[in-house]
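Notes to accompany the following structure.
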Amino acid sequence: MSDRRHAWDDGHVSARHDPGTPSPDSSEPAGPPAVPDPAETSGTAGAADRATAGGTGPGPVPAADPAAAPAGAAGSGRPQPPPVTRRIPEAGPQAMHKPARGDASVRDLIWACLILVPVALLIFSVGGSCSFSPGTPAEDAASAPTVDAPARIAEYARGSTFPLRLPDVPFRVNSTDRGPVEGGGTAVRIGFVTPDADFLSLVQTDGSVEGVLATESGSAGRGDGPPTMRGTVQAGGLAWEVYGAEGGEPFRVATLPGRPEVRVLVTGSASDEQFTTLATALTAARVYPPGS
Numbered sequence: 001m002s003d004r005r006h007a008w009d010d011g012h013v014s015a016r017h018d019p020g021t022p023s024p025d026s027s028e029p030a031g032p033p034a035v036p037d038p039a040e041t042s043g044t045a046g047a048a049d050r051a052t053a054g055g056t057g058p059g060p061v062p063a064a065d066p067a068a069a070p071a072g073a074a075g076s077g078r079p080q081p082p083p084v085t086r087r088i089p090e091a092g093p094q095a096m097h098k099p100a101r102g103d104a105s106v107r108d109l110i111w112a113c114l115i116l117v118p119v120a121l122l123i124f125s126v127g128g129s130c131s132f133s134p135g136t137p138a139e140d141a142a143s144a145p146t147v148d149a150p151a152r153i154a155e156y157a158r159g160s161t162f163p164l165r166l167p168d169v170p171f172r173v174n175s176t177d178r179g180p181v182e183g184g185g186t187a188v189r190i191g192f193v194t195p196d197a198d199f200l201s202l203v204q205t206d207g208s209v210e211g212v213l214a215t216e217s218g219s220a221g222r223g224d225g226p227p228t229m230r231g232t233v234q235a236g237g238l239a240w241e242v243y244g245a246e247g248g249e250p251f252r253v254a255t256l257p258g259r260p261e262v263r264v265l266v267t268g269s270a271s272d273e274q275f276t277t278l279a280t281a282l283t284a285a286r287v288y289p290p291g292s
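Numbered continuously in the UniProt record's numbering, the sequence shown closes out at residue 292.
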């Protein structure tokens, strides 16, 4: 008998039997196929739709794939922002730390003291040999040097064109010098320090009175002319003309007897009595002939 057979029941065609499907139990009567309940079908489909759309529903929601693109990123047609990348700073040299203003000020003050203190000590050591004088600066007599005056005057006399004198006075000789005179001639200078720490300068020259006054007063460099004459005094048997400004150190000039003529000038901060002592000793002083 053929496998393909048809059963008719109330005008409906039965399902065709598939040879690979086991036959139903022949003991059960054949009937119409079961029709699914629409409510159950719609409920099952709704759950499936909600699961597909990502909604909440019965059962666990599958975990999102980290590698999957976010919803709406692909196929949405909207431009997406570029991915944000963070740059890790590379290790490099550290920036120099600027010290605080207070620290810098203290450090600068310390350095300034280290520099200024030695300079101040040096100035004090040099300035200690000077004293204040309202007219001209005066050197401390105690620290003034002492020179061998006889040896110096003898040396100057060998190259001189006029005789020189070295007075014997109770003063200390602290300097000697020789140089030109304004307008011509040569001047030989001897500096004395008195016991009262005052100074006297004796100048011997073959130059003119105007020339030696301009040289010793410094007026030759200033261009204001020699000092003006204030009067005359007698000392040591000589007539001395006194020049200079009122209140300043006087310049006393005299001419020694003999040939060639020699003019002498005495100036300084010493008293009139000390000047007289020097003038008196000058006329009686030892004479060093020129070229000797």
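Where a beta carbon is used, it is the ideal one built from N, C-alpha and C, also for glycine.
Please read all numbers here as calculations on a predicted model, not as lab measurements.
Ordered along the chain, which non-local residues of its own chain (more than five positions away) have a Cβ less than 7 Å from that of residue i?
i: A270; result: T194, D198, F199 and L200
i: V209; result: V253 and R263
i: T41; result: Caution applies to T41, whose pLDDT of 45 falls short of 50 and renders its modelled position unreliable; the value that the coordinates give is listed next. Nothing meets the Cβ criterion.
i: A149; result: L166, V173, T176 and I190
i: F251; result: L213, E216, S217, P227, Y243, G244, L265 and T267
i: T277; result: V169
i: P260; result: F162 and D206
i: A154; result: Y288
i: T255; result: E261 and R263
Which term fits residue i, buried or exposed, when burial requires 16 or more other beta carbons within 10 angstroms of its beta carbon?
i: A279; result: buried
i: residue 325; result: Lying before the first or after the last residue shown, residue 325 is absent from the chain, which here runs from 1 to 292.
i: R152; result: buried
i: Q234; result: exposed
i: S105; result: exposed
i: S160; result: buried
i: A157; result: buried
i: G291; result: exposed
i: L202; result: buried
i: D272; result: exposed
Could you tell me the boundaries of the alpha helix (DSSP H) in which residue i lies?
i: P150; result: A149 to R158
Excluding the 5 residues flanking residue i on each side, which residues of the same chain have their C-beta closer than 6 Å to its C-beta?
i: P29; result: Bear in mind that the predicted position of P29 carries a pLDDT of just 47, short of 50, making it unreliable; the figure below should be weighed with that in mind. Cβ within range, chain order: n/a, list empty.
i: V181; result: A187, T205, G207, G211, V212 and T215
i: A281; result: P167, D168 and V169
i: Q274; result: T194
i: L121; result: none
What are the boundary residues of the beta strand (DSSP E) that includes residue i?
i: S175; result: R172 to P180
i: V193; result: T186 to V193
i: T161; result: Here T161 belongs to no beta strand (DSSP E), and DSSP marks it neither H nor E.
i: V287; result: R286 to Y288
i: T146; result: That residue, T146, is in no beta strand (DSSP E); it is neither H nor E in DSSP.
i: S292; result: That residue, S292, is in no beta strand (DSSP E); it is neither H nor E in DSSP.
i: V169; result: No beta strand (DSSP E) holds V169; DSSP gives it neither H nor E.
i: S201; result: F199 to T205
Does any heavy atom of the ligand PLP sit closer than 8 Å to the C-beta of residue i?
i: T255; result: In the structure shown, the ligand PLP is absent, as is every other ligand, since no ligand is present at all.
Taking residue i and residue j to be in contact with their CB atoms under 8 Å, please state how far apart those CB atoms are, rounded to whole angstroms.
i: T267; j: L238; result: Not confirmed; about 15 Å, so no contact.
i: E241; j: M229; result: 6 Å
i: Y288; j: L114; result: The Cβ separation is near 55 Å, so there is no contact.
Output needed for residue i: all residues of its chain with C-beta closer than 8 Å, excluding positions within five of it in sequence on either side, in chain order.
i: T232; result: A239, W240, E241 and V242
i: T146; result: R172, V173 and N174
i: G184; result: G207, S208 and G211
i: F219; result: With the sequence shown as reference, residue 219 is identified as Ser, and Phe is not the correct amino acid for it. Closer than 8 Å at the Cβ level, and outside the excluded window around S219, lie L213, G225, P226 and P227.
i: A285; result: R165, L166, P167 and D168
Hey, is residue i's beta-carbon within less than 9 Å of any beta-carbon in chain C?
i: G237; result: You won't find chain C in this structure, because it holds only one protein chain.
TODO: Jot down the residue ranges of each uninterrupted alpha helix (DSSP H) in the segment 217 to 271, minimum 4 residues, whole runs only, in chain order.
DONE: Annotation note: the segment 217 to 271 contains the following uninterrupted alpha helix (DSSP H) runs of length 4 or greater, listed N- to C-terminal: 219 to 222.
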